[in-house]
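Protein chains in written order, with the working numbering: chain A, 1 to 530; chain B, 1 to 315.
For each residue, glycine too, the CB sits at the ideal point set by N, CA and C.
Computed from a predicted model, the values in this text were never measured in an experiment.
All remarks here apply to the structure that follows.
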Amino acid sequence: MKVRGTLFRALVALLFALGAAVATAQDADTSAVLNLATNADPTLNPWTPGAVIESNLINTILFEQLTRYSPEDLTPSPMLATSWQAEEGGLAWVFELRQGVVWSDGDPFDAADVAFTFNDVVLNPDLGAQSASQFSAIDRVEVLGDHTVRFVLNEPFSALPYYLASFAGIIPVHVLGEAENPLQVASFNKGIPVTTGPYKVAEFVPGSFVRLVPNELYWAGEPKLAGMVFRIIPDLNTQVAEAMAGQLDVVTRLSPQNVRGIESTGALEVLRQSQNLFFFVAPNHDDERLADVRVRQAMTMAIDREAMIQAILDGYGEVASGPVAPMLGALFNGDVRQYPYDPEAAAALLDEAGWTVGPDGVRQKDGQRLSFYMPTGQFGDLVPATLLVQQYWQDVGIETDVQVMEWNAYIQDVVLGRNYEVTLAWWSMPPTADVAPYFSCDAAQTGNNIPNYCNEDLDRIMDEGRAALTLEEQADAYGRMQELLAEELAYIYLWWPDILTAKSVRLQGFPEITASAAFQHSFDWYVTAR
Amino acid sequence: MTQYLVRRLGQGLVVLFLVSLLTFFLINLAPGGPSSLVDISTTVAERNARYALYGLDRPVHERYVAWLGGAVTGDLGTSINQGLPVSRLLMQRLGATVVLALTALVLAAGFGVLLGIVAAMNPNRWPDHVVSTVATLGMSVPNFWLGIIAIIVFAVELRWLPASGIVSIGRGADLIDRLRHLVLPASVLAFGLMPNVVRVTRSAVLETKATDYVRTARSKGLPDGKVMRKHMLRNALVPITAMIGLITTVLFSGSVVIESVFGYAGIGRLAIEAANGRDYPVILGVTMLAGTVVVVVNLVVDMLYAVIDPRIRHG
């Protein structure tokens, strides 16, 4: 009886899959051109400094990487590399490259391109390649054969395949190899680059649009769209208006306020995607008042994070217990110390730490006041969020001097110059639990460890995670890391926001999990006929 | 007249030099650096390496002299954020802004003068009040708000006109398509500038209406229309021309807001992106261009006075 039921269910599932496959093939509108938008002129080179939000997604389509994220669980899966293996001790990884891949100009892709991308570009400190610091564990790339490369590491780096899938496109040595600065070749970056992806650039009209057409030399065959157009529209409201007028099929990074309007059209739907991204208040650990963990814990308990998510994000987010987001599945450990909103407990903890409320309502101890300089940058929701945090802290006797700065100035002064005592910002990381660039002692002061947090126990656990080559070992090490980080509150974690993407209901094959994974699978996209 | 011209052009060059000096030092002293070189994930080492690549680690006066040396030979440098030569960027965007500005100018001047005349010919009666109300609206309504409302009404709801861009993809040579894209941004721009023309026209016409020679013409039995055309308009034109000259310089500097709202790739949008992104060479290039436009337009307007009013001579 049991076996028959299972068999029956399997048969039904098979029939559905077949039916769906048949429907898919028949329904695809092969003359469809997809309309997307970007907020500024993209730079068509994944490593050029400044090629960020406006360029990332289009570069993901154009420049294939060694690995990419699987749409089911974001584990690294083959792209330009077909298999990879760590050597004994984890200090080197060998990658087998895909055969038969050809650049859009007909030249074959091979190991020399990978070696050039890393040895001459990413690891060259003079070029300042975008996100190069994430690959600091790599010493060099050796060519073992036309289709085999060996990444030689300075230290174990178990998350290497994950980082290689994160905006790490391979660039062509036969085009950029002789350039004085391979990251500033205008005819490439702002013209027609040579690429490996399923679509290639046909036209780039500065200020207006970039038009993509199918790459007939693509290794997996013909993609299913007739082309794509990325229109350059700086204002998000205008992008939303264009989508509602039926002129755009995809709008990324929607604001929660746009959701209802988008959904009311009926032709568009809003995807709630996730990303390994967390908002935080960074306490500057160089300040001795903040070096006391009880103060940080009290500051966390004093903030009603649920209410802030409702107010600022319209509910599209989740209170964060640490830097690693739940979407990482087995590597996420939610069984850590939590800090529910409890201003009384916060006040009690501060009293216990010796900070008593003074006559002006601000807590003090040994002649010091719990009053902090809190600069914030004018970007997104940072200012309203900062003002709310200021209010919550005022209720428990912590005073803050909020200074709103222009975004550019904020980065130079606060992020790079570490000229702050507390500040609210966010980190977006590849979908791996390896958060060393943001937490290790090495990264304090001048690296990405903005709070200047330094804890050797933490460094040791993170090294274990980097050396762990099996999922079980990694889950164990990173699980302990998350416990420690929740106790220590290196950053005061606020929330993991939902990433909202609007897309046409007729667009299929678009992985829902994260935007970067979706764009890495652009070959699978198709539009159903009306 | 030639002496006058030469003198004016010389003065213009001095103005441009001073503008370049002031702008260069001000923007370099402002906090923050080029946005393509520094973002939230940049480390100090990366920032320093990138700055060295662009010579941004040299002292300010050294960089100014280097820029000036290039500028006088026509080389305005390379955009830091876009990687393209500044002169090429300006050329690419200038055409779009000129078309937008001219269209808005024609609309603002045309409707402005017309409405101003209507108001002046019917002082304190209902046409005057209607024109007054429209003019007040034009001056008070923020143009970014009006732009977005226009997009919502005409592009999203009615779908009569496109919401953004200069031209539809793949229809580059289609004049009708370009005109359709021009309607909303030019109208919104014109709506904000027209009130100035209305007011100046109204008061100029009212003033000339009260003069002796107009009273004489009317008492001679000349019809109103003829009085307007033969006597009043030309006299009223001097202040109106001045106002239009003022507006033109504003327009040609690119309407930063309108171009951003409508995704219109002109000089205005280039300017705001360069300013926000601390793209020093582009900021300077745009400022120089705007300065040149102001100098030239002021010169043209002054020359026009002499044409309109023979009593004005330039020596």
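Pick out whichever of A/Tyr493, A/Glu488 and A/Ala529 has its Cα sitting closest to the Cα of A/Gln508. Position 508 of the first sequence, counted from the start, is the residue given in the question as residue 508 of chain A. That would be A/Ala529, whose Cα lies nearest to the Cα of A/Gln508.
Out of A/Val114, A/Ser187, A/Val527 and A/Ala186, state which residue places its alpha-carbon closest to the alpha-carbon of A/Phe531. The requested residue 531 of chain A is not part of the displayed model; chain A covers only 1 to 530.
Taking the alpha-carbon positions, what's the A/Arg272 to B/Leu114 distance? Position 272 of the first sequence holds residue 272 of chain A. Position 114 of the second sequence holds residue 114 of chain B. So the alpha carbons of these two residues sit roughly 53 angstroms apart.
Are the beta-carbon atoms belonging to A/Gly377 and A/Tyr410 less than 7 angstroms from one another? Your numbering for residue 377 of chain A matches position 377 in the first sequence. Your numbering for residue 410 of chain A matches position 410 in the first sequence. For A/Gly377 and A/Tyr410, yes; Cβs fall inside 7 angstroms.
What residue from A/Ser83, A/Gly191 and A/Ala320 has the CA that sits closest to A/Glu203's CA? As a first step, residue 203 of chain A is located in the first sequence; it is residue number 203 there, counting from the start. Cα-wise, what sits closest to A/Glu203 is A/Gly191.
Note the first and the last residue of the continuous beta strand (DSSP E) segment covering A/Tyr69. Position 69 of the first sequence holds residue 69 of chain A. Unbroken beta strand (DSSP E) run through A/Tyr69: Thr67 to Tyr69.
With distances taken Cα to Cα, identify the nearest neighbour of A/Ala320 among A/Trp407, A/Trp525, A/Thr470 and A/Leu489. Counting from 1 along the first sequence, the entry for residue 320 of chain A is found at position 320. Closest by alpha carbon: A/Leu489.
Taking the Cβ atom as the reference point for each residue, do B/His181 and B/Ile169 lie within a distance shorter than 7 angstroms? Taking the second sequence and counting its residues from 1, the one referred to as residue 181 of chain B is at position 181. Taking the second sequence and counting its residues from 1, the one referred to as residue 169 of chain B is at position 169. Against a cut-off of 7 angstroms, the Cβ pair of B/Ile169 and B/His181 comes out as no contact.
Taking beta-carbon pairs under 8 angstroms, can you tell me which members of the segment 38-50 of chain A lie near chain B? Ala40, Asp41, Thr43, Thr48, Pro49 and Gly50
Determine whether the beta carbon atoms of A/Phe372 and A/Glu421 lie at a separation below 7 angstroms. Reading the first sequence from its first residue, position 372 is the one you call residue 372 of chain A. Reading the first sequence from its first residue, position 421 is the one you call residue 421 of chain A. The answer is yes: Cβ separation under 7 angstroms.
Mapping the DSSP letters down to three states, classify A/Ala23 as helix, strand or coil. On the first sequence, residue 23 of chain A is found 23 positions in, with the first residue counted as 1. Confidence at A/Ala23 is low in this model, with a pLDDT of 46, below 50, so the placement of that residue should be treated as unreliable; the coordinate-derived value is given next. A/Ala23 sits in a helix when the DSSP states are folded into three classes.
With a cut-off of 8 angstroms on the beta carbons, I'd call A/Leu97 and A/Gly197 a contact; round off their distance for me. Taking the first sequence and counting its residues from 1, the one referred to as residue 97 of chain A is at position 97. Taking the first sequence and counting its residues from 1, the one referred to as residue 197 of chain A is at position 197. That belief does not hold up - the Cβ atoms of A/Leu97 and A/Gly197 are roughly 16 angstroms apart, past 8 angstroms.
Suppose the cutoff is 6 angstroms on Cβ atoms and the five residues either side in sequence are ignored; what does the same chain contact list for B/Phe262 look like? Indexing the second sequence from 1 puts residue 262 of chain B at position 262. So the qualifying residues of the chain are Ser164 and Pro185.
DSSP beta-bridge partners of A/Gln275: Along the first sequence, one-based indexing puts residue 275 of chain A at 275. BP columns for A/Gln275 are empty, so no partner.
Given B/Leu16 as reference, the closest of B/Ala275, B/Leu284, B/Tyr305 and B/Met243 once Cα atoms are compared: Within the second sequence, residue 16 of chain B is the residue found at index 16, counting from 1. The shortest Cα separation from B/Leu16 among B/Ala275, B/Leu284, B/Tyr305 and B/Met243 belongs to B/Leu284.
Rounded to whole angstroms, what's the CA-CA distance from A/Pro223 to A/Gly90? Just pull it up for me. The residue given as residue 223 of chain A occupies position 223 in the first sequence. The residue given as residue 90 of chain A occupies position 90 in the first sequence. C-alpha separation (whole angstroms): 37 angstroms.
C-alpha gap between A/Gly246 and B/Ile176, whole angstroms: The residue given as residue 246 of chain A occupies position 246 in the first sequence. The residue given as residue 176 of chain B occupies position 176 in the second sequence. Those two C-alpha atoms are separated by around 21 angstroms.
Counting Cβ pairs, one atom from each stretch, are 3 or more of them under 8 angstroms apart for the segment 229-238 of chain B and the segment 279-298 of chain B? no
Compile a chain-ordered list of the residues in the segment 22-49 of chain B whose CB is closer than 9 angstroms to at least one CB of chain A. Per Cβ criterion, the list reads Ala30, Pro31, Gly32, Gly33, Pro34, Ser35, Ser36, Leu37, Val38, Asp39, Ile40, Ser41, Thr42, Thr43, Val44, Ala45, Glu46, Arg47, Asn48 and Ala49.
For the segment 147-170 of chain B, which residues have a CB atom closer than 7 angstroms to at least one CB atom of chain A, in sequence order? Ile148, Ile151, Ile152, Ala155, Val156, Arg159, Ala163, Ser164, Gly165, Ile166 and Ile169
Out of curiosity, what's the CA-to-CA distance linking B/Leu237 and A/Val404? Here residue 237 of chain B refers to the residue found at position 237 of the second sequence. Here residue 404 of chain A refers to the residue found at position 404 of the first sequence. Cα to Cα, the separation comes out at about 48 angstroms.
Pick from A/Leu416, A/Pro431, A/Ala346 and A/Arg418 that is closest to A/Tyr392, judged by C-alpha positions: Residue mapping note: residue 392 of chain A aligns to position 392 of the first sequence, counting from 1. Cα-wise, what sits closest to A/Tyr392 is A/Ala346.
Name, please, each residue of chain B whose Cβ falls closer than 8 angstroms to the Cβ of A/Lys190. By one-based count along the first sequence, residue 190 of chain A stands at place 190. Residues of chain B passing the Cβ test: Gln82, Gly83 and Leu84.
List the residues that DSSP assigns as beta-bridge partners of A/Glu318. Taking the first sequence and counting its residues from 1, one reaches residue 318 of chain A at position 318. Paired residue(s): A/Trp496.
Pairwise C-alpha distance: A/Thr252 and A/Glu456: For the purposes of this step, residue 456 of chain A is taken as the residue at position 456 of the first sequence. For the purposes of this step, residue 252 of chain A is taken as the residue at position 252 of the first sequence. Cα to Cα, A/Glu456 sits roughly 39 angstroms from A/Thr252.
If A/Leu313 sits next to A/Pro256, beta carbons under 8 angstroms apart, how far is it from one beta carbon to the other, in whole angstroms? Position 313 of the first sequence holds residue 313 of chain A. Position 256 of the first sequence holds residue 256 of chain A. Confirmed, Cβ separation roughly 5 angstroms.
How about A/Pro49 and A/Gly128: do their beta carbons lie closer than 7 angstroms? Mapped onto the first sequence, residue 49 of chain A falls at position 49. Mapped onto the first sequence, residue 128 of chain A falls at position 128. Judged by beta-carbon spacing, A/Gly128 lies within the 7 angstroms limit of A/Pro49, meaning their Cβ atoms are closer than that value.
Inspect the beta-carbon positions of A/Ala475 and A/Gly465 and report whether they are closer than 7 angstroms. Here residue 475 of chain A refers to the residue found at position 475 when the first sequence is read from its first residue. Here residue 465 of chain A refers to the residue found at position 465 when the first sequence is read from its first residue. No, they are not a contact pair.
Express the C-alpha separation of B/Gly266 and B/Leu94 in angstroms, rounding to a whole number. For the purposes of this step, residue 94 of chain B is taken as the residue at position 94 of the second sequence. For the purposes of this step, residue 266 of chain B is taken as the residue at position 266 of the second sequence. Roughly 6 angstroms separates the two Cα atoms.
B/Gly10 to B/Ser20 span [Cα, whole Å]: Working through the second sequence from its first residue, we reach residue 10 of chain B at position 10. Working through the second sequence from its first residue, we reach residue 20 of chain B at position 20. For B/Gly10 and B/Ser20, the distance between alpha carbons rounds to 16 angstroms.
Pick from B/Val153, B/Thr97, B/Asp212 and B/Gly225: whose alpha carbon is nearest that of B/Arg178? Residue numbering aside, residue 178 of chain B sits at position 178 when the second sequence is read from its first letter. Nearest option by C-alpha distance: B/Thr97.
Rounded to a whole number of angstroms, what is the C-alpha to C-alpha distance between B/Gly32 and B/Asp279? Translated into positions along the second sequence, residue 32 of chain B becomes position 32. Translated into positions along the second sequence, residue 279 of chain B becomes position 279. Cα to Cα, the separation comes out at about 11 angstroms.
Please report the residue range of the alpha helix (DSSP H) in which A/Ala571 lies. Any answer about residue 571 of chain A is impossible in this case: the structure gives chain A only from 1 up to 530.
For A/Leu328, I'd like the list of residues in its chain whose CB is within less than 7 angstroms of its CB, leaving aside the five on either flank, ordered along the chain. By 1-based counting over the first sequence, the position of residue 328 of chain A is 328. Correct list, in chain order: Asn276, Pro431 and Ala433.
CB-CB length for A/Phe167 against A/Pro46, believed under 8 angstroms: Here residue 167 of chain A refers to the residue found at position 167 of the first sequence. Here residue 46 of chain A refers to the residue found at position 46 of the first sequence. 6 angstroms between Cβ atoms; contact.
From A/Met299 to A/Ile492, what does the alpha carbon distance come to, in whole angstroms? Taking the first sequence and counting its residues from 1, one reaches residue 299 of chain A at position 299. Taking the first sequence and counting its residues from 1, one reaches residue 492 of chain A at position 492. Looking at the two C-alpha atoms, the distance is approximately 8 angstroms.
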